[in-house]
Each structure stands twice: as structure tokens, then as C-alpha cells.
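The next block holds one structure in the form of C-alpha cells; read it before the comments.
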Amino acid sequence: MTQSSSAAAKPGRTGPAAALPWAIRLGSLALLLGAWEIYGRAQDNPLSFVPLSEVIPALVDLVQRQEFWSAYQETLVPFIYGWLLAISIGLVLGLLTGTYQTISAIFRPYLAFLQALPMSAVIPVVVIALGIGMTSRVAVVFLFAIADMTINTASGVRYVDRQLVEMARSFGARERSLFLRVLLPGSTPGVMAGVRIATGRAVIGMVVVEFLLVSVGLGRLIGRFQGSFQTAELFATVLALSCFGVILLELVRRFERRLLRWRPER
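Just so we're aligned: the sequence shown equals residues 3 to 268 in the working numbering.
Shown next, in the form of C-alpha cells:
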């Protein structure tokens with residue numbers, strides 16, 4: 003039997019082997035939640051830390067309130083705007099910096115500066131420049147995510163086979179066709195890595211901006227629950243915010259796996 007036919011006949015992961023990763027994830031989650039419950043019940047002061055058995059009913063009650071969904075929407079809208087801007091501009095800028103050395107030389111110092119800069123220190127500058135409102139919140143989310151999206155896209159472009167690029171040019175491909183038909187498909191792994199990392203950074207920016215910039219959305223709810231010592235409701239809001247980030251990142255990972263099904267498994 004030839005090597006190609008052997009590879010084609012190789013069975014996929016089924017049965018216990020396929021279920022093992024999920025078993026590990028569920029087991030680690032159960033350990034974490036169990037530790038949370040035990041530690042919460044061991045506390046003498048119920049205002050400092052509450053067990054999971056008190057947080058879940060508070061979360062169920064919270065999601066039934068219109069106030070929660072209004073705050074959730076108030077948090078989500080600037081996040082979506084800032085995230086979409088970072089992804090779209092970072093994609094274009096990454097393709098350009100990965101292709102042209104001159105453009106890369108211009109933008110590389112600024113991208114390195116954004117990556118090294120503690121973003122929480124930028125928030126007061128953003129407030130002074132743009133004021134307190136939707137624009138400044140969108141700007142903070144954008145600044146958190148743009149550098150990682152651009153740098154990973156540029157890295158993906160640099161890994162595209164140069165022979166494919168030269169072949170396309172030798173057949174008379176224009177720059178637009180070169181970008182859309184050669185560079186963009188070839189750099190998809192780098193682009194999706196950038197989307198995944200930028201999404202996580204954007205979620206962090208969304209949380210930071212509501213705590214340090216203005217008390218709005220879910221940040222306002224968390225501040226109010228903290229001030230009134232409603233610890234269960236406080237933990238429930240934080241848990242809801244965390245679940246949003248986890249679900250969003252999982253959706254990005256699933257889309258990435260679906261988009262990159264053509265890649266051979268290593």
C-alpha cells in the first residue's frame with residue numbers, strides 16, 4: 003500500500019480518544035467550581051466571598067431583570083464597534099506591512115509601542131482627547147486590539163510561499179488580485195490567530211474601560227453591587243461578563259477550525 007493510500011485510510015479520532023479532551027475540560031471545571039463552593043462556605047464573613055450555590059440563584063434572578071440586559075447592551079455596543087474597527091483596519095494594515103517593506107518600516111515602531119504600552123495608562127489620555135462617552139470607549143477597545151491583529155496578519159503574509167507570489171505576478175496579476183487571491187488566502191492562519199488574540203484583548207479593553215473610564219453598563223452594576231455589599235449579585239455579574247468572553251473566544255476558535263480545515267494536521 004502506498005503512503006498516500008495509507009494516509010487516506012487512517013481513521014479519525016473516535017470513541018474514547020475523541021472524548022478525552024472534553025472529559026479533561028469538564029473534570030477541571032468541576033474541580034474549579036467545587037473549590038469555589040468549599041472556599042466560599044469556609045469564609046466567616048459572607049460579605050467577602052460567597053459560595054457558588056448562592057451566586058447561581060443571584061445570576062438567575064439577575065438575567066430576568068431588564069436592568070441587566072440594558073447594561074449588557076450598553077457594554078456590548080462599544081465593544082462591537084471597537085472590535086470590528088480593530089479587525090478590519092488591522093487586516094488591511096497587516097496585509098500592507100507584511101507585503102511592503104516601506105510601509106512596515108513606517109508602522110513597525112508604532113505597533114511595537116502599542117504592544118509594550120500599559121493600556122490602562124492610556125485611558126486618561128483618551129478621555130482628555132475624546133471626552134467621556136461612546137467614542138472614547140470604542141477607542142480604548144480599538145487600541146487594545148489593533149496591534150495584535152496587525153502584527154499577526156503581517157506575520158501570516160510573510161509566511162506565504164514567495165514562489166506563488168512571483169508566479170502570480172509573472173502571469174500578470176495586478177495588486178488587487180494578488181492580495182485577494184494569493185496573499186489573503188495564504189495568510190489565513192496568521193489572520194485567524196490575530197482575530198483570536200485581538201478578540202481576547204478587546205474583551206479586556208471592554209472591561210478595563212468600564213472600570214477606569216466611566217461607570218456605565220455592566221461596570222456600573224458591578225460598582226453598585228460592590229458599594230451596597232451585594233456580594234452574590236457582584237459575583238453573578240462578573241460571572242456573566244466572564245461567560246461572554248469565554249463564549250466569544252470559543253466561537254472564534256470554532257470558526258478558525260472550520261476555515262482552516264484544509265490544513266494538514268500536525
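By construction, the Cβ of each residue, glycine as well, lies at the ideal position given by its N, Cα and C atoms.
Backbone secondary structure at residue i - three-state DSSP
i: Phe173; result: coil
i: Arg198; result: helix
i: Gln66; result: coil
i: Pro80; result: helix
i: Gly133; result: coil
i: Val248; result: helix
i: Phe257; result: helix
i: Asp46; result: coil
i: Arg263; result: coil
i: Leu291; result: Nothing in the structure corresponds to residue 291, since the chain is present only between 3 and 268.
i: Val128; result: helix
i: Phe51; result: coil
i: Leu161; result: Residue identity check: residue 161 is Tyr in the sequence provided, not Leu. Three-state DSSP puts Tyr161 in coil, outside helix and strand.
i: Phe231; result: coil
i: Tyr102; result: coil
i: Val218; result: coil
i: Ser189; result: coil
Whether residue i touches residue j by CB criterion (9 Å)
i: Gly219; j: Ala73; result: yes
i: Ser106; j: Ala156; result: yes
i: Leu241; j: Leu61; result: yes
i: Pro80; j: Val143; result: yes
i: Asn154; j: Ala123; result: no
i: Gly202; j: Thr152; result: no
i: Leu185; j: Thr101; result: yes
i: Leu116; j: Arg198; result: no
i: Gly207; j: Gly42; result: no
i: Gly221; j: Val205; result: no
Residue environment, residue i, which counts as buried when at least 16 other CB atoms sit within 10 Å
i: Thr233; result: buried
i: Phe237; result: buried
i: Glu177; result: exposed
i: Ile224; result: buried
i: Ser30; result: exposed
i: Val128; result: buried
i: Ile40; result: exposed
i: Thr239; result: buried
i: Leu243; result: buried
i: Gly192; result: buried
Whole-angstrom distance between residue j and residue i, CA atom to CA atom
i: Trp38; j: Glu168; result: 58 Å
i: Val1; j: Ile26; result: Since the first and last residues shown for the chain are 3 and 268, residue 1 lies out of range.
i: Ala32; j: Leu54; result: 12 Å
i: Leu119; j: Phe213; result: 19 Å
i: Phe181; j: Phe146; result: 26 Å
i: Phe51; j: Ala141; result: 34 Å
i: Ala200; j: Arg183; result: 24 Å
i: Leu93; j: Thr190; result: 10 Å
i: Ile130; j: Thr137; result: 12 Å
i: Asp163; j: Leu87; result: 29 Å
i: Gly135; j: Leu64; result: 26 Å
i: Gly247; j: Arg171; result: 42 Å
i: Met121; j: Pro59; result: 35 Å
i: Leu261; j: Pro126; result: 39 Å
i: Glu56; j: Ala114; result: 45 Å
i: Glu69; j: Trp24; result: 35 Å
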